Every structure is written in C-alpha cells, then in structure tokens.
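Engineer: Next up is a structure, given as structure tokens.
In my numbering, the protein residues as written are 226 to 407.
Following this line, the structure appears as structure tokens:
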C-alpha cells in the first residue's frame, strides 16, 4: 500500500512550480554540457523550453487558485514516494550535472526518471471538477508532459548506449501504443 501525504493546494503548486523551473534549468545545463551527437542539444533545448512553459502554467494556476479557491481541491493527497523523488531532484540535480561521471546516458536516465513520475496524477488531483478554463489548463499541461515523455523515449532509443535504459524506453513505448489503440 502506497503511503500518501496531504498538501494544501498552494503548497503543492509551489512545489510543482519549483519542479518545473528546476527541470527547465536542468535541461538547459544538460544542453550546454552535451552538444554531441548531432541533434541532442536541440532535444535538450526543446525540453528546457517546454519546462519553462510549464512553470508559467503553474504560475497561472496559482493565480487562478487565489482568485477562485473553490474551484480547486483544498487538500490534495499525493503518493509519498513521488513527492520524495521530486524533492530529491530539486535538491540534487545541480550536483549530479557537475559530477564528472555524469555522461549522456546518466542525463537521459535522469530525464527518464523525472518524466515517468506520476506528475499528471498530481495535476489531476488539484482540480475538483471539470470546469473551464481550469480543466483546459490542466489538460494542456498533461498533454505536454505526455509529449515530453514520448520525445524522451525516442531520444533514448536514438542516443543512449545503456542497454538497460534502452529496454526501459522500449517497454514504455509499448505502453504508448496500447494507450493510443484504446
């Protein structure tokens, strides 16, 4: 049984905004560090830009919450292990990038671990009922997160040399195919 922690909506939005901003910074730093093989920097820069947009969306959600608190769940329960991983990434990502052993495979693995966290579930839990424009904002964020994961899987299959990471990406891609057929 997964342990759940309770967060107030403003606190959860602050944490998620910090995550999206830190992911932007992480991908920007990785883009500067790994410019080869050809195309990889464009991939990282693209992820960084998308995370920047996500942090803006979270800021918008925070403003929506302040103006319409009844439209959101007051308290959101989130899986403890997911939040622990998010908080760990925010604290340690800078150190990881600066580690001399941090190679392209490590960067792709870190991105894979981040993008496969259940953040979409967290965003879903913030909204109490499907009312516009709130649902549209969350839907956009979720679709964008799904697109990140798809492009990351393709980058891993193209650039990674770690068999274990490639296998994880292939398995995840197989689940995309199943979801698209439903």
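No residue lacks a Cβ here, since even glycine has one placed at the ideal position from N, Cα and C. Small disclaimer: the values here were computed from a predicted structure and weren't measured.
1) Leaving out five residues before and five after residue 404 in sequence, what residues of the same chain have Cβ atoms less than 8 Å from its Cβ?
2) Just the Cα atoms here: how many angstroms apart are residue 391 and residue 385?
3) Taking a contact to mean a Cβ-Cβ separation below 7 Å, would you say residue 342 touches residue 307 in this structure?
4) Starting from residue 302, trace the beta strand (DSSP E) in both directions and tell me its first and last residue.
5) Tell me the rounded alpha-carbon separation between residue 273 and residue 312.
6) Under the assumption that residue 286 contacts residue 362 (Cβ atoms under 8 Å), give the Cβ distance between them as a whole number of angstroms.
7) Would you mind working out which of 288, 319, 374 sits nearest residue 246, comparing C-alpha positions?
8) Determine the contact status of residue 381 and residue 329, defining contact as a CB-CB distance below 7 Å.
9) Which residue from 398, 396, 292, 370 puts its Cα closest to that of residue 249?
10) Measuring alpha carbon to alpha carbon, tell me which of 268, 378, 387 ends up nearest residue 399.
11) Compute the distance between the beta-carbons of residue 322 and residue 275, then report whether it is under 7 Å.
12) Under the three-state reduction of DSSP, which class applies to residue 386: helix, strand or coil?
13) Look up residue 434 in the DSSP assignment and say whether it is helix, strand or coil.
14) Less than 7 Å between the beta carbons of residue 234 and residue 351, yes or no?
15) Where does the unbroken alpha helix (DSSP H) through residue 270 begin, and where does it stop?
16) Helix, strand or coil: which one does DSSP assign to residue 371?
17) Go to residue 346, then tell me how far its alpha helix (DSSP H) extends in each direction, as first and last residue.
18) What span of residues does the alpha helix (DSSP H) with residue 260 cover, start to end?
Structural biologist: Working from what's here:
1) Low confidence applies here, because residue 404 scores a pLDDT of 42, under 50, leaving its location unreliable; read the following figure in that light. No residues qualify anywhere along the chain.
2) 7 Å
3) yes
4) 300-304
5) Roughly 19 Å separates the two Cα atoms.
6) 6 Å
7) 319
8) no
9) 370
10) 378
11) no
12) Three-state result, residue 386: coil.
13) As shown, the chain starts at 226 and ends at 407. That puts residue 434 outside it, with no answer to give.
14) yes
15) From DSSP, the alpha helix (DSSP H) with residue 270 extends over 265-292.
16) helix
17) Judged by DSSP secondary structure, residue 346 falls within the alpha helix (DSSP H) whose first and last residues are 344-351.
18) Element bounds for residue 260: n/a, residue is neither H nor E.
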